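Undergrad: Provided herewith is a single structure, encoded as structure tokens, for subsequent inquiry.
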Amino acid sequence: MRVKVVDNELIDLSGSLLISSGAIQYDFIEEQKKTQGVVVFDNCHRALPLVSDWLTEELSLKQTPPTTIDTYAKNISYLLDYLRNQKLYKNMRLDDAFLVIQSHTLQEYFSYLKNESLLSSKTIRNRDATYQSFFNNYLCIPRRDGKAIREDNPYVEGLLSNSAKSKVVEMCSLNELKALIWCSHSERERALLQFIYDTGIRRTEVTRVKKSEIDLAINTDKSALIIDHDTVAYPSHYKALPIAGSKGRKREIKHRFTLPSVATLARLKRYFSTPEYRRLAKKYGSDSPAFINSEGRPYTPSSINKLLEKLSRRALKSGLIDRPIHPHMLRHGFAGSLLRSPDLGSHSVDKLVVLQHCLGHAHLTTTQIYTALPYDIYGQYADNSGEVLTRANLMELVATKTKKKVPLR
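Each residue of the sequence shown is one higher than the last, beginning at 665 in this note's numbering.
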């Protein structure tokens, strides 16, 4: 299966055979500045019309990002591959199987995935939700002519797979964070890891963080956030940092603030002063990204994944950790560190509201999953005298113990 997603992009058709043969006029093509659409191909390089049209609609509504479109296409292709090994569907044309498939066949597919231990219950549920959306939002609703492509709906009673079992949140501990940082030979990577842990930022949001925003946060005297029309004060050893969020409606950027510690921002400020960063950031001018890789490009979600994989392997080999750490575990680590910090909110409800805002959750119920953290993880840190350490204290300790000497001149 192959999928091509064109999201409001300019397409150059100047070399098209249609133009050279005179079938269409190139002057007309020049007027079509941007193109948007999705084409999904099967293993024989044939376009799947039903799936392609559905995903094109999803993309045009601007509620489904291209990455999710790609996931939908893959989920559809996995089901088609399964059906083509079944006698009833073997000789069906393209994606016509979706016009006749019944709920019991879908349930058999999910049982096959579960019984063969091919996928987790959560992943199976994700595929089920994709197929439900395909039927409910495309195949089984009236089209332009007033008729639905398919009259009966196998999803009329809801999802067909068993509900996914909820899991305890996997959180990167402070010791695991320090182990990862120790295994990096670059202050650039060390500062990035501490920043993700101390802000709760998603890996997809890292690219949009600007140096100018961090500079402004360092120099501001702001000491309160407005959350749901209420003013929430925070201590001076935290700074409000704007984040261009990745979970806005209709794929629009949803802005929020998070609260990194002064120690983490100071670490970034020192890195910004190094010859390496100044050299890499020079071409960006005043719009320089805060995090630039060794090749001079902003970090991407993929490169952050690879960084965590590399450092996890090193830390595992050295015996510093006993499990791989992925980027979202750093985000969970931020959540745990904020909830156990005694200086952010006078009681648990206040802390949850602040955490909801910092993480960019639309609903407080999503944030409440962190209240189920095991006590040995959720418990508070204390120094030798028994005084409970704040999140700011802990980040200062991390910065001090993992500092890598970088020449400023």
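Quick reminder that beta carbons are idealized off the backbone N, C-alpha and C, glycines included. Predicted, not measured: the structure shown is a model, and the values here were computed from it.
May I ask you to report which of helix, strand or coil DSSP gives S925?
TA: Working through the sequence shown from its first residue, we reach residue 925 at position 261. DSSP places S925 in strand when its eight states are reduced to three.
Undergrad: State the Cα-Cα distance for the pair Y690 and Y948, rounded to the nearest angstrom.
TA: If you number the sequence shown from 1, residue 690 lands on position 26. If you number the sequence shown from 1, residue 948 lands on position 284. Bear in mind that a pLDDT of 47 at Y690, under 50, signals an unreliable position, so the model cannot answer this.
Undergrad: Ignore the nearest five residues each way along the sequence and tell me which others in N969's own chain have a CB closer than 8 angstroms to its CB.
TA: The residue given as residue 969 occupies position 305 in the sequence shown. Here the set comprises R867, H990 and P991.
Undergrad: For I740, does the count of other Cβ atoms within 10 angstroms reach 16, so buried, or fall short, so exposed?
TA: Within the sequence shown, the letter at position 76 stands for residue 740. Buried, because 16 or more other Cβ atoms sit within 10 Å of the Cβ of I740.
Undergrad: Mind the definition here: the segment 837-845 touches the segment 981-1000 only if three or more C-beta pairs lie below 8 angstroms; say whether that holds.
TA: yes
Undergrad: Mind checking who H849 pairs with in its DSSP beta bridge?
TA: The residue given as residue 849 occupies position 185 in the sequence shown. DSSP output for H849 lists no bridge partner at all.
Undergrad: Could you tell me if C847 is buried or exposed, where buried requires 16 or more neighbouring beta carbons within 10 angstroms of its beta carbon?
TA: Position 183 of the sequence shown, counting from 1, holds the residue named residue 847. It is buried - the Cβ of C847 has at least 16 other Cβ atoms within 10 Å.
Undergrad: Hey, C836 and L994 are a contact pair by Cβ (cut 8 angstroms); roughly how many whole angstroms apart?
TA: On the sequence shown, residue 836 is found 172 positions in, with the first residue counted as 1. On the sequence shown, residue 994 is found 330 positions in, with the first residue counted as 1. The pair is a contact, with the Cβ atoms about 5 angstroms apart (cut-off 8 angstroms).
Undergrad: By how many angstroms is the C-alpha of K903 removed from the C-alpha of P939?
TA: Start at 1 with the first residue of the sequence shown, and residue 939 comes out as number 275. Start at 1 with the first residue of the sequence shown, and residue 903 comes out as number 239. Near 26 angstroms, if we compare the C-alpha coordinates of K903 and P939.
Undergrad: In the DSSP output, what is F705 paired with across the bridge?
TA: In the sequence shown, counting from the first residue as 1, residue 705 sits at position 41. Paired residue(s): R666 and A711.
Undergrad: At the level of alpha carbons, what is the spacing between Y795 and E772?
TA: Your numbering for residue 795 matches position 131 in the sequence shown. Your numbering for residue 772 matches position 108 in the sequence shown. C-alpha separation (whole angstroms): 14 angstroms.
Undergrad: Near F799, which residues of its chain fall below 7 angstroms by C-beta distance, leaving aside the five closest residues on each side in sequence?
TA: Taking the sequence shown and counting its residues from 1, one reaches residue 799 at position 135. Here the set comprises N817, P818 and Y819.
Undergrad: V870 and I878 - do their beta-carbons sit closer together than 9 angstroms?
TA: Sequence index remark: in the sequence shown, residue 878 carries index 214 (1-based). Sequence index remark: in the sequence shown, residue 870 carries index 206 (1-based). Judged by beta-carbon spacing, V870 lies beyond the 9 angstroms limit of I878, meaning their Cβ atoms are not closer than that value.
Undergrad: Among all the DSSP beta bridges, which residues are the ones paired with R789?
TA: Stepping through the sequence shown from its first residue, residue 789 is reached at position 125. DSSP output for R789 lists no bridge partner at all.
Undergrad: For Y861, name the three-state secondary structure that DSSP assigns.
TA: Reading the sequence shown from its first residue, position 197 is the one you call residue 861. Of the three classes helix, strand and coil, the one that applies to Y861 here is helix, per DSSP.
Undergrad: Identify every run of the alpha helix (DSSP H) within the segment 970-1057, keeping only runs that are complete inside it and at least 4 residues long; order them along the chain.
TA: 991-1003, 1012-1023, 1028-1031 and 1039-1042
Undergrad: Report, in whole angstroms, the separation of the C-beta atoms of Y736 and L719, which I expect to be a contact under 8 angstroms.
TA: Sequence index remark: in the sequence shown, residue 736 carries index 72 (1-based). Sequence index remark: in the sequence shown, residue 719 carries index 55 (1-based). Under the criterion of beta carbons closer than 8 angstroms, Y736 and L719 qualify as touching, at roughly 6 angstroms.
Undergrad: Using the Cβ count rule (16 or more neighbours within 10 Å means buried), how would you classify K1067?
TA: Stepping through the sequence shown from its first residue, residue 1067 is reached at position 403. Looking at its Cβ environment, which holds fewer than 16 other Cβ atoms inside 10 Å, K1067 is exposed.
Undergrad: I need the straight-line Cα distance from P988 to S958, nearest angstrom please.
TA: Numbered from its first residue, the sequence shown carries residue 988 at position 324. Numbered from its first residue, the sequence shown carries residue 958 at position 294. Going from the Cα of P988 to the Cα of S958 covers about 24 angstroms.
Undergrad: Measure the CB-CB distance between V1018 and L923 and report whether it falls below 9 angstroms.
TA: One-based indexing of the sequence shown puts residue 1018 at position 354. One-based indexing of the sequence shown puts residue 923 at position 259. Against a cut-off of 9 angstroms, the Cβ pair of L923 and V1018 comes out as a contact.
Undergrad: Identify, in the order they occur along the chain, each residue of the same chain with its Cβ nearer than 8 angstroms to the Cβ of R710, setting aside the five sequence neighbours on each side.
TA: Sequence index remark: in the sequence shown, residue 710 carries index 46 (1-based). Closer than 8 angstroms at Cβ, skipping near neighbours: L758.
Undergrad: Please report the straight-line C-alpha distance between A793 and K918, rounded to a whole angstrom.
TA: As a working note, residue 793 is residue 129 in the sequence shown. As a working note, residue 918 is residue 254 in the sequence shown. Distance between the alpha carbons of A793 and K918: 25 angstroms.
Undergrad: Going by other Cβ atoms of all chains shown within 10 Å of its Cβ, with 16 needed for buried, is A960 buried or exposed?
TA: Along the sequence shown, read from residue 1 onward, the residue named residue 960 stands at position 296. Per the sequence shown, the amino acid found at residue 960 is Gly instead of Ala. Looking at its Cβ environment, which holds fewer than 16 other Cβ atoms inside 10 Å, G960 is exposed.
Undergrad: Just how far apart, CA to CA, sit E721 and K668?
TA: Along the sequence shown, one-based indexing puts residue 721 at 57. Along the sequence shown, one-based indexing puts residue 668 at 4. Their Cα atoms are separated by approximately 14 angstroms.
Undergrad: Give me the Cβ distance between Y935 and R852, rounded to the nearest whole Å; I'm assuming they're in contact under 8 angstroms.
TA: Locating residue 935 in the sequence shown gives position 271, counting from the first residue. Locating residue 852 in the sequence shown gives position 188, counting from the first residue. Contact flag correct, Cβ pair sits at about 7 angstroms.
Undergrad: Under the assumption that L723 contacts Q700 (Cβ atoms under 8 angstroms), give the Cβ distance between them as a whole number of angstroms.
TA: In the sequence shown, the residue the question calls residue 723 occupies position 59. In the sequence shown, the residue the question calls residue 700 occupies position 36. L723 to Q700, Cβ: 6 angstroms. Contact.
Undergrad: In its own chain, which residues sit with a C-beta less than 8 angstroms from the C-beta of L932, not counting the 5 before and 5 after it?
TA: By 1-based counting over the sequence shown, the position of residue 932 is 268. Excluding residues within five positions, the ones whose Cβ falls inside 8 angstroms are A855, F859, I878 and A954.
Undergrad: Whole angstroms are fine: how far does the CA of R978 sit from the CA of S900?
TA: Here residue 900 is taken as the residue at index 236 of the sequence shown, counted from 1. Here residue 978 is taken as the residue at index 314 of the sequence shown, counted from 1. Answer to the nearest angstrom: the Cα atoms are 36 angstroms apart.
Undergrad: In angstroms, rounded to a whole number, what distance separates the CA positions of N1057 and A888?
TA: What you label residue 1057 is simply residue 393 of the sequence shown in a count that begins at 1. What you label residue 888 is simply residue 224 of the sequence shown in a count that begins at 1. Roughly 20 angstroms separates the two Cα atoms.
Undergrad: So, under 8 angstroms CB-CB, F774 and S825 are touching, yes? Tell me the CB distance rounded to an integer number of Å.
TA: For this step, residue 774 is matched to residue 110 along the sequence shown. For this step, residue 825 is matched to residue 161 along the sequence shown. Right, the Cβ-Cβ distance comes to about 4 angstroms (below 8 angstroms), so this counts as a contact.
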